[in-house]
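Novice: First the structure, which I've put down as structure tokens, then a few questions once you've had a look.
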Amino acid sequence: MSSTPTPKVSRAPAFPLIWVVPILAVAVGLWMGLRELHDRGPEIVIEFADGSGLEAGKSMLEYKGVSAGLVSGVRLTVRPGNGPPAKWFRGLDKTPPPEISDQGRTFIVKSDQLGSVASGSPVMYRQLKVGQVEATKLSDDATSVLIRIHLEQPYGDLVRTNTRFWNAGGLSFSISLIGAQVKDSSLESLLSGGVAFATPDDGPIAPAAAEGTQFDLAPAAEKAWLKWAPKIPIKAQESSPQSSSKASLLPNLLK
């Protein structure tokens with residue numbers, strides 16, 4: 326009697342179906358990541374003196390009115406102090422004056438009322454910000470307010486000996502027999518107050534005003550002032566030995 330041959334059992338390697346879903350998820354994640362890196366484009370860094378209005382994940386980068394990117398992060402540059410580390414500080418009673426570079430030119434404007442002008446308020450020329458308010462104080466006899474303004478280089482030459490200054494903050498509304506008229510200025514001066522100025526163009530251009538020259542601040546601009554458009558060359562000023570000592574002289578202008 327012949328014996329029955331023993332069957333050979335072969336097992337094909339079985340792949341657990343439970344791993345299919347995780348592998349597909351990883352593959353899809355890798356594909357989406359590669360596509361994101363491909364479509365992201367280059368990352369750039371932009372440095373501003375003031376980061377007001379910028380918010381990570383919301384502020385857009387535009388080119389000719391078209392969205393070209395998104396702000397991914399906003400941070401301050403590191404400014405270490407000179408003393409030892411500390412955890413206890415005393416707060417200031419009021420906002421400190423803005424940081425002003427040694428270059429440019431500083432003037433004093435005198436007003437009956439301060440109005441909405443404050444430290445940091447913009448100084449405008451033809452609705453373009455060319456400087457800012459440094460500090461304010463009462464005059465020695467308490468009859469007026471003195472406002473120290475600083476014009477950035479190269480805009481100091483825009484101020485001539487016959488320049489007119491006025492309070493450009495807020496809205497101005499007037500009613501006459503021919504109707505109502507509303508005058509406004511830039512959005513920045515509307516929110517934080519501001520000072521504007523203009524120079525006559527009906528004759529030879531007056532000499533440039535010297536550092537620390539004092540002017541009167543009108544409550545509003547006369548209609549003729551807004552039409553003045555003198556041709557004043559704007560050129561960068563080279564640094565000089567006087568610029569290094571200007572920072573120490575500026576606080577004395579309002580003492």
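If you count the sequence shown from 1, you need to add 325 to reach the numbering used here.
Every residue, glycine too, gets a C-beta built ideally from N, C-alpha and C.
1. Answer yes or no: do E432 and T538 have a C-beta to C-beta separation smaller than 8 Å?
2. Please confirm if the segment 407-419 is in contact with the segment 461-475, defined as three or more CB-CB distances below 8 Å between the two stretches.
3. What's the C-alpha gap between L359 and T402?
4. In terms of residue numbering, what span does the beta strand (DSSP E) encompassing W491 cover?
5. Just how far apart, CA to CA, sit S568 and W550?
6. State the DSSP-derived secondary structure class of D541, mapped to helix, strand or coil.
7. Kindly provide the ranges of any alpha helix (DSSP H) runs that are 4 or more residues long and lie completely inside the segment 406-471, ordered along the chain.
8. Taking the alpha helix (DSSP H) that E361 falls in, what are its first and last residues?
9. If you check the beta carbons only, do S313 and M385 fall under 8 Å apart?
10. Return helix, strand or coil for G481, following the three-state DSSP convention.
11. Verify whether the separation of the beta carbon atoms of V396 and A381 is less than 8 Å.
12. So, does the segment 476-489 touch the segment 434-443, judging by three or more C-beta pairs under 8 Å?
Specialist: The relevant details are as follows:
1. Here residue 432 turns out to be Phe, not Glu, going by the sequence shown. Taking 8 Å as the Cβ cut-off, F432 and T538 qualify as a contacting pair.
2. Segments in contact, no.
3. Distance between the alpha carbons of L359 and T402 is about 32 Å.
4. From DSSP, the beta strand (DSSP E) with W491 extends over R489 to N492.
5. Since pLDDT at S568 reaches only 44, below the 50 mark, its modelled position is unreliable, and no value is offered.
6. Judged by DSSP in its simplified three-state form, D541 adopts strand.
7. List check, alpha helix (DSSP H) in window: nothing returned.
8. Element bounds for E361: V345 to R365.
9. A question about residue 313 goes unanswered here, because the residues of the chain that appear run from 326 up to 580.
10. DSSP places G481 in helix when its eight states are reduced to three.
11. Yes, Cβ-Cβ distance for V396 and A381 is below 8 Å.
12. No contact exists between the segment 476-489 and the segment 434-443.
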